[in-house]
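**Q**
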């Protein structure tokens, strides 16, 4: 983004010292910042501002970070970086499975946090281009399945909601945006936004997990086909549903 319209970051943390530290550092590095101390203030800020990324404290009184992350992810694909003083791997895994894009432990270096913010924003922008979210696509349909881009819900032909991790959603979106086109592992890795070491970095493992959720027989896939030496392609016909009323 240009300096005339820098990314807008929403910091959600009940600790005023942490909020001030993050706010001042990010503003000093040409980012717009809005702060909130709880989920209610966050909701008001999201209504008032066009936010590009949320920094979310995991442990807060009342509605905690896990609940807030789930609420955000049920409604949008807005990038989330979770910040927590807990080193427990279970918390890291849970936050990422709920759809967080990164996880930073306290105490942290403001410089490192800024680098992670820029990385998440860059990958988010690349994913939007690859998946066609900038083309006003509301949902994709294929072989009786429907993936809603706004709500991130995948519904099976039987009407059952299939839970997707953040990476699986981004991978499937990338495939549905470019049916019949070979996507390289590098393109898919960029789209999946998987850059935390608690997950296997192999894109092939992520593809296998996605196949298990949408293929009748994952060992002989009908949708996600392997193109040896090149990558993968989505073989089914895809209907794009526009969010623009015609």
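Numbering (my numbering), first residue to last: 20 to 265. Note that CB positions come from ideal geometry on N, CA and C, so glycine has one too. Remember, predicted model here, so these are calculated numbers, not experimental data.
Per DSSP, which residues does residue 193 bridge with? Please list them.
**A** For the purposes of this step, residue 193 is taken as the residue at position 174 of the chain shown. In the DSSP output, where bridge partners are listed per residue, residue 193 has none listed.
**Q** What's the gap between the Cα of residue 209 and the Cα of residue 142?
**A** Along the chain shown, one-based indexing puts residue 209 at 190. Along the chain shown, one-based indexing puts residue 142 at 123. Each residue's Cα considered, the two are about 6 angstroms apart.
**Q** Is DSSP giving residue 260 helix, strand or coil here?
**A** Translated into positions along the chain shown, residue 260 becomes position 241. Residue 260: strand per DSSP, three-state reduction.
**Q** Measure from the alpha carbon of residue 235 to the alpha carbon of each residue in 138, 167, 163 and 25, then state which is nearest.
**A** On the chain shown, position 216 is the one that residue 235 refers to. Ranking 138, 167, 163 and 25 by Cα distance to residue 235 puts 163 first.
**Q** Looking only at C-alpha atoms, which of 108, 95, 85 and 76 sits nearest to residue 171?
**A** Walking along the chain shown from the start, residue 171 turns up at place 152. The option with the nearest alpha carbon to residue 171 is 95.
**Q** Residues bridged to residue 73 by DSSP?
**A** Here the question's residue 73 lines up with position 54 in the chain shown. Residue 73 pairs with 29 and 99.
**Q** Alpha carbon to alpha carbon, how far is residue 55 from residue 66? Give it in angstroms, no decimals.
**A** The sequence position of residue 66 within the chain shown is 47, counting from 1. The sequence position of residue 55 within the chain shown is 36, counting from 1. When rounded, the distance between both Cα atoms is 13 angstroms.
**Q** Just reading off the alpha helix (DSSP H) that residue 54 is part of, what are its end residues?
**A** Stepping through the chain shown from its first residue, residue 54 is reached at position 35. No alpha helix (DSSP H) contains residue 54, which is instead part of the beta strand (DSSP E) from 51-55.
**Q** Of the residues 122, 186, 118 and 92, which one's Cα is nearest the Cα of residue 105?
**A** For the purposes of this step, residue 105 is identified with residue 86 of the chain shown, where counting begins at 1. Measuring from the Cα of residue 105, the nearest candidate turns out to be 122.
**Q** Should residue 185 go down as buried or exposed, given a rule of 16 or more other Cβ atoms within 10 Å for buried?
**A** Along the chain shown, one-based indexing puts residue 185 at 166. Its Cβ being crowded by 16 or more others within 10 Å, residue 185 is buried.
**Q** What residue from 118, 58, 191 and 246 has the CA that sits closest to residue 231's CA?
**A** Translated into positions along the chain shown, residue 231 becomes position 212. Checking every option, the nearest Cα to that of residue 231 belongs to 191.
**Q** So which of 41, 37 and 28 has the shortest CA-CA distance to residue 71?
**A** Translated into positions along the chain shown, residue 71 becomes position 52. Of the candidates 41, 37 and 28, the one whose C-alpha sits nearest the C-alpha of residue 71 is 28.
**Q** Spatial neighbours of residue 12 within its chain, please: CB distance less than 8 angstroms, with the 5 preceding and 5 following residues excluded, ordered by chain position.
**A** Residue 12 is absent from the structure shown; the chain starts at 20 and stops at 265.
**Q** When burial is assigned at 16 or more other CB atoms within 10 Å of the CB, is residue 217 buried or exposed?
**A** Residue 217 sits at position 198 when you count from the first residue of the chain shown. In this prediction, residue 217 scores a pLDDT of 35, lower than 50, which makes its location untrustworthy; no coordinate-derived value is stated.
**Q** Going straight from the alpha carbon of residue 215 to that of residue 114, what length do you get?
**A** Mapped onto the chain shown, residue 215 falls at position 196. Mapped onto the chain shown, residue 114 falls at position 95. Unreliable positioning characterises residue 215 in this predicted model, as indicated by a pLDDT of 41, which lies under 50. The coordinate reading is nonetheless provided below. Those two C-alpha atoms are separated by around 11 angstroms.
**Q** Is it right to say residue 35 is buried, meaning 16 or more other beta carbons lie within 10 angstroms of its own, or is it exposed?
**A** Looking up residue 35 in the chain shown gives position 16. Classification of residue 35: exposed, given that the 10 Å Cβ count is below 16.
**Q** Just to confirm before moving on: does the CB-CB distance between residue 159 and residue 202 stay below 7 angstroms?
**A** Taking the first residue of the chain shown as 1, we reach residue 159 at position 140. Taking the first residue of the chain shown as 1, we reach residue 202 at position 183. The answer is no: Cβ separation not under 7 angstroms.
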